[in-house]
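Here this note's numbering is used: the first residue of the sequence shown is 1061, the next is one more, and so on.
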Amino acid sequence: MTNPYELAQLAADELREKSGFDSYDIAIVLGSGWKEGAGVLGEAKSVVATSELSGFVAPTVTGHSGQILSLDVNGRKVALVAGRVHLYEGNTAHQVVHPVRTIIAAGASKVVLTNACGGIDPAHGAGTVVVIRDHINLTSTSPMEGASPPEGYGSRFVDLTDLYSARLRAVVKQAAPALGEGVYAGFRGPHYETPAEITMVKTMGATLVGMSTVLEAIAARHLGVEVLGLSLISNLAAGVSHTALNHLEVLEAGQNAAGSLGALLAELVPAL
Ligand code: 8IG
């Protein structure tokens, strides 16, 4: 059995070979809604199905395989991960973070984690993009669980004080001063929260709730790269709005916001 780091290194070599990109600068993991908008970044020079790369598990959400799109955006070599996988699909923490570990192993020094989430502050409704300032990991797991990382990797007791890079958040502030910041509470899902759970995380200081991002952020930070998190609020969290949560509405909010999400990424990537 290879360890998760060797597996990511193997997948990185396969990705480089198949994409023709010998290295990457930035990995962008696309959450719901963000994929539709990412076309604005330009045409992909290569599209690799993750089913052709070691260690990747297939997403169960979309029905098609995941893809890694390789693009040159103003000289920045960007890998877009389409078809993120989640704990709630039955994956382990190591499987969830494997795409991020792979693109970092292929050279990326910055990771942008995008997602769609629920909003806790009624002032920030559906369609608002928020920059993640910090997170609360409520998944009860960690990508650092298991055997100690091999020689040459940082300690598994990774410091998360500066998890979401202050430098990258300042860059966003420059490029898009209207965006606010929030604290993302990461649940396992896939059910949405009860109103009592939303009251709990609000009391803890969270302003956003979702089912992704936190494990990927930890794994990326462990590998020493800068992390930026961007959340699209697709719905108000349970009990904040008095309408029932509905997955279709969530998808619709993503589709409606796609254009502006793409424009935001196109503006940010050259500045990161
Ligand atoms: I979109 O309200 C989206 N993802 N946990 N709660 C959680 N995840 C979400 C939500 C939400 N909306």
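For each residue, glycine too, the CB sits at the ideal point set by N, CA and C.
### Query
Whose C-beta lies closer than 7 Å to the C-beta of leucine 1311 among residues of the same chain, with five residues either side of it excluded?
Working through the sequence shown from its first residue, we reach residue 1311 at position 251. The answer, listed in chain order, is Ser1092.
### Start and end residues, beta strand (DSSP E) containing threonine 1162
For this step, residue 1162 is matched to residue 102 along the sequence shown. Not the beta strand (DSSP E): threonine 1162 falls in the alpha helix (DSSP H), residues 1153-1165.
### Message
Less than 7 Å between C-beta atoms, sequence neighbours within five positions excluded: which residues of the same chain meet that for arginine 1216?
### Response
Along the sequence shown, read from residue 1 onward, the residue named residue 1216 stands at position 156. Closer than 7 Å at Cβ, skipping near neighbours: Met1204, Ser1208, Pro1209.
### Task
Out of Ala1104, Val1190, Glu1253, state which residue places its alpha-carbon closest to the alpha-carbon of glycine 1299.
Working through the sequence shown from its first residue, we reach residue 1299 at position 239. Ranking the options by Cα distance to glycine 1299, first place goes to Glu1253.
### Message
I'd like to confirm the pairing. Which residues does DSSP put opposite tyrosine 1244 in its beta bridges?
### Response
Translated into positions along the sequence shown, residue 1244 becomes position 184. Tyrosine 1244 has His1195, Leu1268 as its beta-bridge partners, per DSSP.
### Task
Tell me whether methionine 1271 is buried or exposed, calling it buried when 16 or more other Cβ atoms sit within 10 Å of its Cβ.
Counting from one through the sequence shown, the residue named residue 1271 turns up at place 211. Buried: at least 16 other Cβ atoms inside 10 Å.
#### Entry: Of the residues Gly1150, Arg1193, Gly1187, Gly1143, the one placed nearest alanine 1277, counting alpha carbons only
Locating residue 1277 in the sequence shown gives position 217, counting from the first residue. Selection Gly1150, Arg1193, Gly1187, Gly1143 evaluated against alanine 1277 yields Arg1193 as nearest (Cα-Cα).
### Message
Need the endpoints of the alpha helix (DSSP H) that glycine 1289 sits in, please.
### Response
As a position in the sequence shown, residue 1289 is number 229, starting the count at 1. Membership of glycine 1289 in any alpha helix (DSSP H) is not indicated; the residue belongs instead to the beta strand (DSSP E) covering 1286-1296.
### Query
Does the stretch 1180-1193 come within contact of the stretch 1101-1114, defined as at least 3 CB pairs closer than 8 Å?
No, the stretch 1180-1193 does not touch the stretch 1101-1114.
### Query
Could you give the C-beta distance for leucine 1113 and alanine 1071, rounded to a whole number, given that I count them as a contact under 8 Å?
Residue numbering aside, residue 1113 sits at position 53 when the sequence shown is read from its first letter. Residue numbering aside, residue 1071 sits at position 11 when the sequence shown is read from its first letter. With a Cβ gap of about 5 Å, leucine 1113 and alanine 1071 count as contacting.
### Message
Rounding to the nearest angstrom, what Cα-Cα distance links glutamine 1155 and phenylalanine 1116 in this structure?
### Response
Translated into positions along the sequence shown, residue 1155 becomes position 95. Translated into positions along the sequence shown, residue 1116 becomes position 56. Taking the straight line joining both Cα atoms gives about 7 Å.
### Query
Hey, out of Ala1068, Cys1177, Leu1067, Gly1126, whose CA is closest to glycine 1249's CA?
For the purposes of this step, residue 1249 is taken as residue 189 along the sequence shown, with counting starting at 1. When only C-alpha atoms are compared, the closest one is Cys1177.
### Query
Can you find a C-beta in chain B that's less than 9 Å from the C-beta of alanine 1186?
Given the protein chain composition of this structure (a single chain), no chain B is represented.
#### Entry: Pair within 9 Å by beta-carbon distance, valine 1269 and alanine 1297
Translated into positions along the sequence shown, residue 1269 becomes position 209. Translated into positions along the sequence shown, residue 1297 becomes position 237. Yes, these two residues count as a Cβ contact at 9 Å.
### Query
Alpha carbon to alpha carbon, how far is asparagine 1151 from serine 1200?
For the purposes of this step, residue 1151 is taken as the residue at position 91 of the sequence shown. For the purposes of this step, residue 1200 is taken as the residue at position 140 of the sequence shown. Going from the Cα of asparagine 1151 to the Cα of serine 1200 covers about 14 Å.
### Nearest-angstrom Cα separation, counted from asparagine 1197 out to alanine 1068
In the sequence shown, residue 1068 corresponds to position 8, counting from 1. In the sequence shown, residue 1197 corresponds to position 137, counting from 1. Alanine 1068 and asparagine 1197: Cα-Cα distance of roughly 23 Å.
### Query
Nearest to valine 1172 by alpha carbon, out of Arg1076, Val1089, Val1232, Val1107?
As a working mapping, residue 1172 is identified with position 112 in the sequence shown. When only C-alpha atoms are compared, the closest one is Val1089.
### Query
Is the beta carbon of leucine 1075 sitting closer than 9 Å to the one on threonine 1174?
As a position in the sequence shown, residue 1075 is number 15, starting the count at 1. As a position in the sequence shown, residue 1174 is number 114, starting the count at 1. Contact check for leucine 1075 against threonine 1174 fails: the beta carbons are separated by 9 Å or more.
### For histidine 1158 and proline 1064, the rounded distance between their alpha carbons
Here residue 1064 refers to the residue found at position 4 of the sequence shown. Here residue 1158 refers to the residue found at position 98 of the sequence shown. Straight across, the Cα-Cα distance linking proline 1064 with histidine 1158 is about 8 Å.
#### Entry: Cβ-based burial, valine 1107 [other Cβ within 10 Å; buried from 16]
To locate residue 1107, count along the sequence shown from 1; it is residue 47. That one is exposed.
### Close Cβ partners of glutamate 1286 (< 6 Å) along its chain, the five nearest in sequence each way excluded
The sequence position of residue 1286 within the sequence shown is 226, counting from 1. Result list for glutamate 1286: Lys1170, Ser1225, Leu1228, in chain order.
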